[in-house]
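Letter by letter, the sequence shown follows residues 793 to 1211 in my numbering. So the structure is just underneath, and the comments pick up after that.
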Amino acid sequence: MSWGYALLTRIQSIDLTNIKGFVIKHKWRILIILVLIYAGTKAYDHFFPTEVKRGGVQTVTTMVLEKKDVPLVIESTGTIAAANIVDIRPMITNTVKEIHIKEGQDVKKGQLLFTLDDRNDRANYDKSKALADDAQRQLQRAKELVAKNFISKAGLDTAEANAKSAMATARAAEAQLSFDSIRSPIDGRAGIINVFPGSLVQASNVVVSSTTSTATSTTGAMVTITQIDPINVQFTVAENSIPLLLQNDIANLKVLVTVGDNLTQIYEGKVIVVDNQVDPAIGAVRVKAQIPNQKRTLLPGQFARIKLEANTLKDAIVIPSQAVVLNARGRFVYLVGQDDKVSLKPIKVTYEYQGNAAITGVEVGERIVIEGKQNLRPGVKIREAKVTPPAKPATAESKPTDVKPSEAKPSESKPAEKK
């Protein structure tokens, strides 16, 4: 025990004050060193797992390459927009006499929407029409007098001028009278009506309400008519996808549209126009498609997700995107040889969509790793992961195993069912 006593004496002789001071003085440096040591050991364990360091066989999932056709899809987001939209505004200043539609009502082209107070305009028209008729009679009489040399040719010319002027005034009065009947220029649906019977509407687009004790005015349309069947969707296609977009005839391009959070209801339409220039502000070209909307379930302004099938890639080799290895030299896949050893093979990704990638640089029938590549290095041997099939559920046709009561174990015995 003499050596233990000597060790204890040696420890007691150490000046702990100096050690404590050193730690306090350099605590941040010591902490950084400890963190670096910890991070280094973790990184080493991540990039060089135990099985790899020992050269063990790695368990992976593989697939055999084959060809198939792949639809080339362009995805985008956009907005539902009306095919036609018209703000109904008065052509003259007058008061509203009658409203012939209801808010939200479907209207036809030419249908009467509003009638303005036409008393003054109708009186002016009747006056102008009477003057025009009188001017025509004066002209006819002047022609008869000229034939009998009772008046000069100049008198006939004056009568003709007066008749034409009176007819023009009557036509102007008729046009003014027609402005008192406001009709829909398109088929569509009426929106919120912003006027009431008695409201003063002005040609300056200011609607003044006379139904309240205090006069108020708001600038806007009397009503807005929106065509929603068919309805449009407007979206953009990125500049790098324009060649793919324009490979086919625009009339053959179809779109699949979903709106909001409802991804189960899919609307099918067709592209009607691709803009003739790229918008440099967003680096994309604007596209408009049209969708049937007989049930009126789509409304202008809704957010839309669009899938446009631009073309089909024939006989392409498609793999899961997770099988692609990225490094500083490019893109690779782990190719499995006849001896179950892997090697890196360079590839080129020609198209990628929804977790799959169409690639070149490999051949049909070759075998590649799709899962477990994080533990691989070239030359490592692999084995295929076992896939456990799901257990089959018991069916009514399954027959119970015949077991005699004397052979049944206590733990396997079942209590009698209560009736």
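Beta carbons: idealized from backbone N, C-alpha and C, even for Gly.
Thinking residue i and residue j are a contact (beta carbons under 8 Å), I'd like their distance in whole angstroms, please.
| i | j | result |
| --- | --- | --- |
| V1134 | V1141 | Contact flag wrong, Cβ pair sits at about 20 Å. |
| L1045 | I1058 | Not really, about 16 Å apart at Cβ, beyond 8 Å. |
| N986 | V1015 | 7 Å |
| Y917 | A958 | Between A958 and Y917 the Cβ distance is about 13 Å, and since that is not below 8 Å, they are no contact. |
| N876 | Q1019 | 4 Å |
| K1080 | Q1039 | With 8 Å as the limit, K1080 and Q1039 do not qualify as a contact, their Cβ atoms being about 19 Å apart. |
| L948 | A934 | 5 Å |
| K1087 | I978 | The Cβ separation is near 20 Å, so there is no contact. |
| S1113 | G1147 | 5 Å |
| T749 | L992 | Here the chain covers residues 793 to 1211 and nothing more, so residue 749 does not appear. |
Within its chain, find whatever has a CB closer than 8 Å to the CB of residue i; leave out the 5 residues flanking it on each side and keep chain order.
| i | result |
| --- | --- |
| Y1143 | V862, L864, L1105, A1108, A1149, A1150 |
| Q930 | A951, N954, A955 |
| V1070 | E1031, I1034, A1076, V1077 |
| K860 | D1107, A1108, V1110 |
| L823 | none |
| G1164 | Q850, T851, V852, T853, I1174, A1177 |
Among the options, whose alpha-carbon lies nearest the alpha-carbon of residue i?
| i | options | result |
| --- | --- | --- |
| G1171 | E1158, R1159, Y1126 | Y1126 |
| N1068 | V1029, I1098, E1163, R1088 | V1029 |
| I1034 | A1043, F1095, A1076, A995 | A1076 |
| D1041 | D1021, V1063, Q850 | V1063 |
| Q1166 | G1153, P1092, L1136 | L1136 |
| D909 | V1025, P1138, G990 | G990 |
| E858 | I1174, E1155, K1173, G1164 | E1155 |
| I984 | T961, R963, A1013, L992 | A1013 |
| I1111 | N1119, L1090, R1121, G1153 | G1153 |
| I891 | K901, F906, D879, G902 | F906 |
| K889 | A835, G947, N912 | N912 |
| V856 | G1157, G1164, R1169, L1168 | G1157 |
| V1117 | E1101, Q1130, I1139 | I1139 |
| V1065 | L948, V1051, A1043 | A1043 |
| P1092 | Y830, R1169, L828, V1051 | V1051 |
Might you give, ordered along the chain, the residues of its own chain that have their beta carbon closer than 7 Å to the beta carbon of residue i, omitting 5 neighbours on each side?
| i | result |
| --- | --- |
| T854 | V1128, R1159, I1160, V1161, I1162, E1176 |
| A982 | I893, E895, G896, Q897, V899, V1015, I1017 |
| R914 | L969 |
| K921 | A962 |
| L904 | H892, S973, R975 |
| L1036 | L864, I866, A1102, N1103 |
| N1085 | I1020, D1021, P1022, I1023 |
| K1196 | With a pLDDT of 43 at K1196, under the threshold of 50, the predicted position of this residue should be treated as unreliable, though the coordinate-derived value follows. Contacts found: none. |
| Y1145 | V865 |
| F1124 | V1117, L1136, K1137, P1138, I1139 |
| G1122 | P1138 |
| R821 | none |
Counting only the same chain and skipping the five closest in sequence on each side, list residues whose C-beta sits under 6 Å from that of residue i.
| i | result |
| --- | --- |
| Q994 | T885 |
| K1173 | V849, D1132, K1133 |
| L923 | A958 |
| I943 | L937 |
| G980 | I1017, T1018, Q1019 |
| Q928 | A955 |
| V827 | none |
So with Cβ pairs under 7 Å, would you call residue i a contact of chain D?
| i | result |
| --- | --- |
| N1054 | The structure shown contains no chain D; it is built from a single protein chain. |
Whole alpha helix (DSSP H) runs in the stretch 1009-1048 with 4 or more residues, listed along the chain?
-> List check, alpha helix (DSSP H) in window: 1034-1037.
Please confirm if the stretch 954-974 is in contact with the stretch 880-887, defined as three or more CB-CB distances below 8 Å between the two stretches.
-> In this structure the stretch 954-974 lies against the stretch 880-887, because at least three pairs of beta carbons, one per stretch, are closer than 8 Å.
Which ranges would you report for the beta strand (DSSP E) in the stretch 861-923 if only whole runs of at least 3 residues count?
-> As for any beta strand (DSSP E) of minimum length 3 sitting wholly inside the stretch 861-923, the runs are 886-891, 904-908, ordered along the chain.
Inspect the CB distances between the stretch 869-881 and the stretch 1093-1100 and report whether three or more fall short of 8 Å.
-> Contact holds: three or more Cβ-Cβ distances are below 8 Å.
With a floor of 4 residues, list each alpha helix (DSSP H) that falls wholly inside the stretch 936-982, ordered by position along the chain.
-> Inside the stretch 936-982, DSSP marks whole alpha helix (DSSP H) runs of 4 or more residues at positions 945-970, from first to last along the chain.
Segments of 3+ residues assigned as beta strand (DSSP E) that fall wholly inside the stretch 1089-1160 = If only uninterrupted beta strand (DSSP E) runs of at least 3 residues are considered, those enclosed by the stretch 1089-1160 are 1095-1112, 1117-1119, 1122-1128, 1134-1138, 1140-1145, 1148-1152.
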